[in-house]
Each structure stands twice: as C-alpha cells, then as structure tokens.
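Structure record follows, encoded as structure tokens.
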Amino acid sequence: MSRPQSPGGATPPVQAFTADGTQIDLPPLARAICARYREEFPDEEERYGPAGMEWCLHDNQYLLAWAIQDARDGTIVLSEQAAWLARVLAARGFPLARLARNLEIASEIVAASAGIHDLAQIVSERLAASAVMVAALR
Numbered sequence: 481m482s483r484p485q486s487p488g489g490a491t492p493p494v495q496a497f498t499a500d501g502t503q504i505d506l507p508p509l510a511r512a513i514c515a516r517y518r519e520e521f522p523d524e525e526e527r528y529g530p531a532g533m534e535w536c537l538h539d540n541q542y543l544l545a546w547a548i549q550d551a552r553d554g555t556i557v558l559s560e561q562a563a564w565l566a567r568v569l570a571a572r573g574f575p576l577a578r579l580a581r582n583l584e585i586a587s588e589i590v591a592a593s594a595g596i597h598d599l600a601q602i603v604s605e606r607l608a609a610s611a612v613m614v615a616a617l618r
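Mapping to our numbering: the sequence shown position 126 is 606, numbers consecutive.
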C-alpha cells in the first residue's frame, strides 16, 4: 500500500459558531482527538506517514464543524456527512472500525470540552450516534 499524499483541495474549517455567534476554534479539538486516536493506533504512523496525521486533523475539523452545525441549526446532518466520509474512506481501504472509534473519541473529547459552550452535550451525542452508524456499515 502506498502512503497517502497530504490533503489538497479545500482547507478544512478552523472555526464554527454557536447560535449566538460565539466562536469555537476547531484545530485544538481536532489535535486532541488525533492525539488520542494515535495513542490507540500507533501503527498508523508507519502505514500512512506524516500525511496520516494531516488527514486526521483535516477530517476531524470537518466532522466537528458538521456536528456543531447539526446541533446548532440542523442545516447539515452529521450522520449523512459521516456516511459519505465512510464511503470515501472505505473506497481507499481505510478500516471503518477506526473511523467509528475516531468518532467515539471525538464525542468524548467534546463532552469534556468547555470550548464548545452550551452545545457540548448535543454535539457529543451526534458524534456518538454517528460512531454507531459507521460501525454498523462494516
């Protein structure tokens, strides 16, 4: 298997907003998710190289933005976006069990974060529900 290249195309979102306009910085949350994920799956460094961490951050910033938008106003449905991402990653040979675990980690990080303000619980619940959905796709 060849190692992936660094993410190209659109830059992932770096912030999201609560309904009252409070800014939520996504990179610190994505870094925390990816750090825990890498602790659980250290083999990914050898398998994917440095681009693996770049993709982890990239995808988690999108997942967080979608989850926050879903919780805030429902204009995006996280489970639909997570299903789309699962199809993309499965086509590239990425194990969906690991995507499901990533979503569980994201749910745990968000639940413990003060940085998401009043949306933390519902965002965490949406991420956890998406983890269950992705796990069922295997």
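In this text, a Cβ means the ideal position worked out from N, Cα and C, and glycines have one as well.
Using the Cβ count rule (16 or more neighbours within 10 Å means buried), how would you classify residue i?
i	result
residue 549	buried
residue 618	exposed
residue 610	buried
residue 568	exposed
residue 485	exposed
residue 590	buried
residue 600	buried
So, using beta-carbon positions, are residue i and residue j closer together than 9 Å?
i	j	result
residue 513	residue 602	no
residue 539	residue 565	yes
residue 504	residue 496	yes
residue 469	residue 580	Past the edges of the chain, shown from 481 to 618, lies residue 469, and the structure says nothing about it.
residue 499	residue 572	no
residue 606	residue 576	no
residue 506	residue 531	no
Identify the continuous beta strand (DSSP E) that holds residue i and give its terminal residues.
i	result
residue 592	Run containing residue 592: none; DSSP gives neither H nor E here.
What residue does the alpha helix (DSSP H) around residue i start on, and which one ends it?
i	result
residue 513	506-520
residue 545	530-553
residue 601	600-617
residue 496	Residue 496 -> not in any alpha helix (DSSP H); beta strand (DSSP E) instead, spanning 495-497.
residue 559	558-571
Which whole-angstrom value is the C-beta distance of residue i and residue j, which I expect to be below 8 Å?
i	j	result
residue 543	residue 562	7 Å
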